[in-house]
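K.L.:
Note that the working numbering has the sequence shown beginning at 867, numbered continuously upward.
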Amino acid sequence: MNTAASLADAIGRHDRRALAQAITLVESGLKEHQSQARELLAALPAPDQPALRIGITGPPGAGKSTFIETLGGH
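Written out as structure tokens, the structure reads:
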């Protein structure tokens, strides 16, 4: 696996494979991965602005995915 610094650099270049590796690393329950994940998170730059998180809920078939896809297209 890549070092935390090289993985952070690749994520900064919008490398999808590096992002997938980082997500796997952060979600892993292995102790070794958790220490690497902490290094990675420390190596990533702080966001320029706060993030906005929105929750979309509803029963199956209500159109949640369609709504999110439409929203993502704007």
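Quick reminder that beta carbons are idealized off the backbone N, C-alpha and C, glycines included.
Source: prediction; values computed, not measured.
Starting from arginine 904, trace the alpha helix (DSSP H) both ways and give me its first and last residue.
P.N.:
Reading the sequence shown from its first residue, position 38 is the one you call residue 904. Run containing arginine 904: 897-909, per the alpha helix (DSSP H) assignment.
K.L.:
Alanine 912 and alanine 870 - do their beta-carbons sit closer together than 8 Å?
P.N.:
Here residue 870 refers to the residue found at position 4 of the sequence shown. Here residue 912 refers to the residue found at position 46 of the sequence shown. Cβ distance not < 8 Å, so alanine 870 and alanine 912 don't count as in contact.
K.L.:
In chain order, what residues of the same chain have a beta carbon less than 6 Å from the beta carbon of valine 892, not counting five sequence neighbours either side?
P.N.:
The residue labelled residue 892 in the question sits at position 26 within the sequence shown. Closer than 6 Å at Cβ, skipping near neighbours: Ala903.
K.L.:
Are there any heavy atoms of the ligand HEM lying less than 7 Å away from the beta-carbon of alanine 888, as far as the coordinates show?
P.N.:
Although the ligand HEM was asked about, the structure shown includes no ligands whatsoever.
K.L.:
For alanine 917, is the classification buried or exposed, using 16 other Cβ atoms within 10 angstroms of its Cβ as the cut-off for buried?
P.N.:
By 1-based counting over the sequence shown, the position of residue 917 is 51. That one is exposed.
K.L.:
If you draw a straight line from the alpha carbon of isoleucine 920 to that of serine 931, how long is it in whole angstroms?
P.N.:
On the sequence shown, residue 920 is found 54 positions in, with the first residue counted as 1. On the sequence shown, residue 931 is found 65 positions in, with the first residue counted as 1. Approximately 14 Å, taken between the alpha carbons.
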